[in-house]
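Here the sequence shown is numbered in the UniProt record's numbering, starting from 1 and rising by one per residue.
All C-beta atoms, glycine included, are put in the ideal place defined by N, C-alpha and C.
Model, not experiment: these values are computed from the prediction.
The structure appears below as structure tokens.
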Amino acid sequence: MTDKFGSSGAHLAKMLVGLQPPAPVLHRVRGFILDSLGVILAARAARGMPGLVSAMTALDPSTGPATELLTGRRVSGPTAALLNGAAAHALEFDDTDDIARIHAYCVVLPAALAVAGTEPDIDERRFTEAVALGVEVFCRLGLAAPGLLATGWHPTTGIGSIAGAVTAARLLGLDVNGLLQAMGLAYAQLCGTTQPIADNALAKRIGPGFAARNGLTAAYMARAGLTGPRRFLDGAAGFFALYGGDDAEPAMLLDGLGRDWMLERVSVKPFPCCRCTHTLIQIGIDLHRSGLRMADVVGGELRLGRVNWGIVNAPFDPAAAPDPVVHAQFNATYCFARALDHGSVGLESFHPEVILSPEAARAGRFATIDADDIPANSLPVAEVRLRLADGQERRMRHEVLPGSPLAPLSEAALRAKFAANLAHGGHPADAGALADQILAGGTSLRPLIATLAAQREALPA
1 MTDKFGSSGA
11 HLAKMLVGLQ
21 PPAPVLHRVR
31 GFILDSLGVI
41 LAARAARGMP
51 GLVSAMTALD
61 PSTGPATELL
71 TGRRVSGPTA
81 ALLNGAAAHA
91 LEFDDTDDIA
101 RIHAYCVVLP
111 AALAVAGTEP
121 DIDERRFTEA
131 VALGVEVFCR
141 LGLAAPGLLA
151 TGWHPTTGIG
161 SIAGAVTAAR
171 LLGLDVNGLL
181 QAMGLAYAQL
191 CGTTQPIADN
201 ALAKRIGPGF
211 AARNGLTAAY
221 MARAGLTGPR
231 RFLDGAAGFF
241 ALYGGDDAEP
251 AMLLDGLGRD
261 WMLERVSVKP
271 FPCCRCTHTL
281 IQIGIDLHRS
291 GLRMADVVGG
301 ELRLGRVNWG
311 IVNAPFDPAA
321 APDPVVHAQF
331 NATYCFARAL
341 DHGSVGLESF
351 HPEVILSPEA
361 ARAGRFATID
371 ADDIPANSLP
381 VAEVRLRLAD
391 GQERRMRHEV
401 LPGSPLAPLS
411 EAALRAKFAA
421 NLAHGGHPAD
431 AGALADQILA
441 GGTSLRPLIA
451 TLAAQREALP
461 A
């Protein structure tokens with residue numbers, strides 16, 4: 001699939017320039033913009049965020065045109081993209097594509113907000129269209145390279161740079177060649193592995209910020225005439241050759257683009273922790289509703305597919321972890337035990353004092369198992385086998401993820417999550433009125449963000 005530019009990347013650019021997402025797609029995207037803004041505003045005091053703000057203030061102390069929503073400060077576009085991207089991922093409460101295994105809006109929305117703050121006259125529809133296209137490319141890249149996570153790459157951070165560049169380039173009005181160069185320049189900045197997860201490092205939550213910043217700067221560099229590798233997808237050292245692996249499906253990137261919208265499969269996260277734990281949490285909630293509690297359980301197995309197991313299988317030992325919060329967010333036994341005992345897993349479940357409590361230590365009763373009867377790359381499927389104090393055994397298996405298109409959150413639940421996130425972040429905005437504005441469309445994001453920033457800046461440090 002080549003043309004005068006000699007690359008399938010150019011074919012992708014040609015298909016994207018001028019592509020108009022239909023109204024139902026834009027409506028869906030607005031719901032995720034609402035969700036993502038709520039998560040950003042909730043992350044004000046999340047572990048690592050005050051330090052990240054301090055570091056970036058030292059590096060970029062001057063006032064700029066864009067807004068970072070952790071403190072409401074006006075900063076340069078790249079700094080805003082970095083801080084808002086990190087905030088969107090800091091609580092592990094951001095959306096996921098459960099098949100492509102990426103978090104999309106935590107990269108694409110911060111890149112879009114940075115452009116909207118820097119450039120004049122970007123209306124809401126144009127903004128939402130650009131976000132939609134970036135998310136669509138993000139999902140398709142993840143589907144085209146499904147083995148990234150299993151081989152140690154963190155696809156959200158890695159391919160997110162390219163998706164962020166697509167969104168920023170659309171907002172800047174770049175032509176086919178400009179978009180191609182922007183994507184190539186973003187590819188030149190590819191980064192991100194799962195080692196921060198394994199090491200319980202705060203770097204994991206900063207990754208989407210790196211990707212948003214890199215995509216943003218790539219688009220501006222392309223507008224200024226800088227060039228990137230045109231064969232960033234299919235060259236000898238391109239994306240598919242270096243990162244795609246044996247199970248790469250390059251056709252997934254282009255087939256049906258503009259007709260079949262992969263972004264419609266993105267899920268809203270109902271629980272603020274690794275998506276690999278969510279089916280286990282739902283099982284725990286269901287068992288709680290049946291009357292079962294941790295006091296009734298003497299031990300058991302939490303059974304997952306190999307990829308999920310590899311991410312969340314660590315024995316629960318928060319006191320020995322480099323960061324107990326990250327450890328708990330990525331720990332199957334803790335998340336399941338919390339759901340079983342309390343019937344819910346929320347932001348309050350990940351306070352250090354809760355994680356380090358004697359009650360939480362009971363999660364050590366469970367072992368997380370790499371189950372050979374669950375497909376290795378399956379995200380939704382999980383099973384628990386519990387041994388009860390009365391000698392009985394309880395088993396439960398679920399194959400649908402809560403918050404996914406097969407079990408979606410209602411609009412009322414989405415609004416409730418948004419309101420709870422604003423309250424968690426201590427933000428004084430009227431959550432209901434703000435949700436009405438965003439979901440209805442037509443309201444320019446620039447004054448809305450300015451209002452949110454002014455309210456945030458007025459809060460005590």
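Inter-residue distance for Gly364 and Thr333 is about 7 Å (C-alpha atoms, whole angstroms).
At a cut-off of 4 residues, the continuous stretches assigned as alpha helix (DSSP H) that sit fully inside the region 38–90 are 49–59 and 77–89. Relative to the Cα of Ala90, the nearest Cα in the group Arg74, Leu452 and Gly425 belongs to Gly425.
Within the DSSP secondary-structure output, Ser267 pairs in a beta bridge with Thr96. Within its own chain, the residues whose Cβ lies closer than 6 Å to the Cβ of Thr96, once the five positions on either side in sequence are excluded, are His103, Ser267 and Arg275, listed in chain order. Counting along the chain, the unbroken beta strand (DSSP E) around Ile369 starts and ends at Phe366 to Asp370. The region 106–114 and the region 234–252 do not touch, with fewer than three beta-carbon pairs separated by less than 8 Å.
The closest CA to that of Leu302, considering only Ile162, Gly235, Asp373 and Asp234, is found on Asp373. Asn308 is the residue among Asn308, Ala203, Gln181 and Asn421 whose C-alpha sits nearest the C-alpha of Arg101.
Annotation note: the region 272–318 contains the following uninterrupted beta strand (DSSP E) runs of length 3 or greater, listed N- to C-terminal: 297–304. Residue state for Thr194 is assigned as coil, using DSSP reduced to three classes. Excluding five sequence positions before and after Ala241, the CB atoms of its chain that fall closer than 8 Å to its own CB belong to Asp234 and Gly235, given in chain order.
Taking the C-beta atoms as reference points, Ala169 is found nearer than 7 Å to Ala182. Excluding five sequence positions before and after Leu280, the CB atoms of its chain that fall closer than 8 Å to its own CB belong to Leu302, Leu304, Ala332, Cys335, Phe336, Ala339, Ala382 and Val384, given in chain order.
When the beta-carbon positions are compared, Arg397 and Leu386 stay at least 7 Å from each other. Under DSSP, Glu383 takes part in a beta bridge, and its partners are Arg303 and Arg397. Met262 places its beta carbon less than 7 Å from that of Cys139.
For Ile102, the pairing in a beta bridge is given by DSSP as Asp97. If you compare the alpha carbons of Gly31, Ala203, Arg231 and Ala186 with that of Tyr220, the shortest gap goes to Ala186.
About 7 Å separates the beta carbons of Leu16 and Val166, which is inside the 8 Å limit, making them a contact pair. In this chain, Asn377 is not harboured by any alpha helix (DSSP H), its DSSP state being neither H nor E. Beta-bridge pairing by DSSP links Leu388 to Val297. A Cβ-Cβ distance of about 6 Å is found for the pair Thr156 and Gly207, placing them in contact under the 8 Å criterion. When only Cα atoms are considered, His278 and Leu401 end up about 7 Å apart. Looking at the DSSP output, Trp153 sits in a beta bridge with Thr193. Taken through DSSP and simplified to helix, strand or coil, Ile122 comes out as coil. Here the region 440–450 lies against the region 121–128, with 3 or more beta-carbon pairs under 8 Å apart.
Taking the CA atoms as reference points, Ser7 sits about 18 Å from Gly256.
Ala419 places its beta carbon less than 7 Å from that of Ala431.
For Gly9, the secondary structure class from DSSP, reduced to helix, strand or coil, is helix. The continuous alpha helix (DSSP H) containing Ile355 extends over residues Pro352 to Ile355. About 15 Å separates the Cβ atoms of Arg30 and Leu409, ruling out a contact at the 8 Å cut-off. Here Arg223 is actually not in contact with Gly184; their C-beta atoms are around 14 Å apart, not less than 8 Å. Distance from the Cα of His342 is smallest, within the candidate group Val53, Gln282 and Leu143, for Gln282. Straight through space, the alpha carbons of Thr368 and Ala314 are spaced by roughly 8 Å.
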